[in-house]
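Quick note: the sequence shown uses this note's numbering, first residue 93, plus one each step. Glycine residues also receive a C-beta, built at the ideal position from the N, C-alpha and C atoms. Given the structure is predicted, the values throughout are model-derived calculations rather than measurements.
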Amino acid sequence: MKSEILNRLSYISDEEKRILEGEQKINKKLYSAFTKEFIINHHRLMQEGEQIALRRHTRFTDFPTHGHNYVEMTYVCAGEVTHVIKHREVKMHAGDVLLLNRHTQHNVRKTGVDDIAVNVLLATDCFHSFAPVLPPSSPLSSFIAENIRSNGEPEYMLFSTEGVPPLENLFENLCYAMVGNDILSPDILKSTVALILRHFAEMPDCMIAAARHRSDAELLQARIEEYLRSNFRTATLTELADKLGLSVPYLSKRVRELCGTTFSRLLQEERFNEALRLLETTDLPVGDIIIAVGYENTSFFHNQFRARYACSPFKWRKLRKDGEAETE
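The following block contains the structure:
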């Protein structure tokens with residue numbers, strides 16, 4: 093990177109000045125309105141309507157554990173920056189780029205005057221336009237999809253731009269946008285980021301490391317189980333396939349492989365678990381419970397209940413209450 097740009101990026105910000113004068117910690121109120129969990133809100137750091145913003149990383153103190161409601165792309169211009177993600181140290185050197193999705197929490201170790209890093213803040217909305225330009229098989233495509241999901245998995249990706257002139261130039265352009273006299277338009281910023289992501293997708297050798305806390309198989313199984321727990325009353329294999337973007341035959345096969353049984357059996361298990369809970373903890377009539385757990389055919393429910401528990405729902409409830417009475 094040109095020395096002129098680095099020199100301009102080395103300025104002492106107001107926040108850093110307060111830290112050097114003895115404040116020692118970052119002021120969380122500058123980043124978030126949350127008090128219990130430190131989640132940085134892009135509305136605090138972006139102008140209204142902005143989808144991409146640039147900020148230099150705050151030096152001279154540890155940046156405590158936090159999350160974001162946006163994707164953070166950190167580029168190290170000079171020196172070193174160490175992130176800690178799930179107790180794993182990720183040490184970055186000049187030219188390295190770290191992508192953190194909005195489900196990932198991390199902290200950053202104290203940096204010195206010569207450790208210069210730029211954070212590119214990317215609102216989730218802008219990723220809908222990035223996805224079509226990336227190869228579907230690219231890990232970045234999966235990263236974007238995971239970020240967009242409201243219940244996605246924490247994930248990060250680490251890249252190096254060293255010795256790759258197109259990427260070095262693109263990041264220099266972003267850094268210049270922070271300190272130069274020319275203000276890049278939102279469209280140019282978005283195009284620059286899109287080009288960076290495209291280069292990363294098509295240059296797999298640039299990727300140093302990537303981590304998701306669960307494998308794709310574990311993640312799919314968790315989503316199947318979560319869907320059934322939350323939607324057992326109306327759940328269908330077709331609806332779940334639509335939510336996951338998978339075909340019904342493929343999902344049916346994966347359910348068998350991952351869960352060891354069929355979707356319909358898993359659904360039945362969830363419904364009967366809820367029926368038992370309602371029988372034990374409420375005085376609802378059995379007919380109301382049958383409807384509450386998603387069945388319309390009362391005969392089917394009674395037959396299945398007897399096959400499972402060798403008694404009727406009425407007797408099961410009585411036996412549970414009698415058992416509780418004996419222990420009192």
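Q: Identify which residue in A215, Q116, E318 has its Cα closest to the Cα of P278.
A: A215
Q. Are A209 and Y248 closer than 9 angstroms when you measure CB to CB?
A. no
Q: Could you check if E294 is buried or exposed, using at least 16 other CB atoms within 10 Å of its CB as the buried criterion?
A: exposed
Q. Can you tell which of K407, A384, F364, R369 has its C-alpha closest to the C-alpha of Q396?
A. F364
Q | Between the CA atoms of V378 and R180 - distance to the nearest angstrom | A | 52 angstroms
(Q) Taking a contact to mean a Cβ-Cβ separation below 9 angstroms, would you say M299 touches P231 in this structure? (A) yes
Q. When you compare only the Cα positions, how much space is there between S102 and D206?
A. 7 angstroms
Q.
Cutting at 8 angstroms between CB atoms, please list the residues of its own chain near T330, excluding the five before and the five after it.
A. V340
(Q) Within 10 Å of its beta-carbon, does Q116 have 16 or more other beta-carbons around it, so buried, or fewer, so exposed? (A) exposed
Q: May I have a chain-ordered list of the alpha helix (DSSP H) segments no shorter than 4 residues that lie completely inside the region 355-383?
A: 355-373
Q) Is I118 helix, strand or coil by DSSP? A) coil
Q.
Counting C-beta neighbours from all protein chains within 10 Å, is the total for Y123 16 or more, i.e. buried, or is it exposed?
A. buried
Q.
Rounding to the nearest angstrom, what Cα-Cα distance links N261 and D106 in this structure?
A. 29 angstroms
Q) So, are the CB atoms of R147 and N211 less than 9 angstroms apart? A) yes
Q) Would P246 be called buried (16 or more neighbouring beta carbons within 10 Å of its own) or exposed? A) buried
Q) What's the gap between the Cα of P257 and the Cα of L226? A) 20 angstroms
Q) Residue range of the alpha helix (DSSP H) that C351 falls in? A) 340-351
Q: Return the CA-CA distance between W408 and V163, expressed in angstroms with no decimal places.
A: 51 angstroms
Q: Sort G415, N161, V189 by Cα distance to F292 and report the nearest one.
A: V189
Q | Of the residues F222, H198, E362, the one placed nearest R321, counting alpha carbons only | A | E362
Q: Taking 9 angstroms as the cut-off, decide whether the C-beta atoms of I132 and H160 are in contact.
A: yes
Q | Start-to-end residues for the alpha helix (DSSP H) that takes in D308 | A | 308-323
Q: Buried or exposed for H134, please, with buried defined as at least 16 other CB atoms from any protein chain shown within 10 angstroms of its CB.
A: buried
Q. Quick one: Cα of R398 to Cα of F406, how far?
A. 11 angstroms
Q. Would DSSP call R290 helix, strand or coil?
A. helix
Q: Answer with buried or exposed for C243, where buried requires no fewer than 16 other C-beta atoms within 10 angstroms of its C-beta.
A: For clarity, residue 243 is Asn in the given sequence; the question names Cys instead. That one is exposed.
Q. By a C-beta neighbour count over all protein chains shown, 10 Å radius and 16 as the cutoff for buried, is C403 buried or exposed?
A. exposed
Q) In this structure, does DSSP put M299 in helix, strand or coil? A) strand
Q. Can you round the beta-carbon distance between L332 and I316 to whole angstroms, since I take them to be within the 8 angstroms contact cut?
A. 7 angstroms
Q | Option in L411, E129, T150, E349 with minimal Cα separation from I118 | A | T150
**Q.** Assigned secondary structure, I104 (DSSP; H/G/I helix, E/B strand, else coil)
**A.** coil
Q. In this structure, does DSSP put R148 in helix, strand or coil?
A. strand
Q: Have a look at the DSSP bridge pairing and note the partners of K183.
A: T174
Q) So, using beta-carbon positions, are T203 and E172 closer together than 9 angstroms? A) yes
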